[in-house]
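Here the structure is laid out as structure tokens; the discussion comes afterwards.
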Amino acid sequence: MDYKAKLYPSAFNPLLIKPERPLPKEVAIIGAGAIGPDIGYYLKSALPEIKLFLVDIVEEPLKSAERRLAGYVKKALERGKMKEAQAKTVLENVVYTLDYSQIKNCDLVIEAATENMLRLASIGLIGRPV
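Going by UniProt numbering, the sequence shown opens with residue 1, and the numbers climb by one from there.
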């Protein structure tokens, strides 16, 4: 008996499966400190047409995140990894905010902040179906 046929009764490439859900149009990242801007840059590079919200409870990390995203784009341009048109698209439609009510219509919310259960409950992220 062929052990591969037994282990893998239906061989398929999961990357060829068409997703059932549409890609998100609006994405929020809670936390603009250590890793939030990196996640945001990755998302905007892969899906430049999305509207990205970076949310924090303090203004300074938001300003720093804006500089970091601009720096990442500049570096990608210098290294030839991104064209000017794509760079412009990556940097537009990014909202830096302290106001959690702005993310209520987002299709995807990524938590990249220090976990605070009261804060998550106050914006309705705990117990909400995925």
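Using N, Cα and C, we set each Cβ at its ideal position, and we do this for glycine too. In this text, all values refer to a predicted model and were calculated from it rather than measured experimentally.
- Nearest C-alpha to Pro24 among Glu49, Ala34, Ser45: Glu49.
- Straight-line measurement puts the Cα of Cys106 at about 18 Å from the Cα of Ala46.
- Under DSSP, Lys51 forms a beta bridge with Glu26.
- When the Cα atoms are used, Val55 and Gly36 turn out to be separated by approximately 9 Å.
- Across the structure, Leu91 and Arg67 are spaced so that their CA atoms are roughly 11 Å apart.
- Distance between Glu26 and Ile103, taken at the CA atoms: about 8 Å.
- The Cβ atoms of Tyr96 and Leu43 lie no closer than 8 Å to each other.
- For Thr114, there is no enclosing beta strand (DSSP E), as DSSP gives it neither H nor E.
- Under the three-state reduction of DSSP, Leu98 is assigned to coil, being neither helix nor strand.
- In this chain, the alpha helix (DSSP H) harbouring Ile39 covers 36-46.
- In the three-state reduction of the DSSP assignment, Val90 falls in the helix class, which pools H, G and I.
- Residue pairing by DSSP places Val109 opposite Ala28 in a beta bridge.
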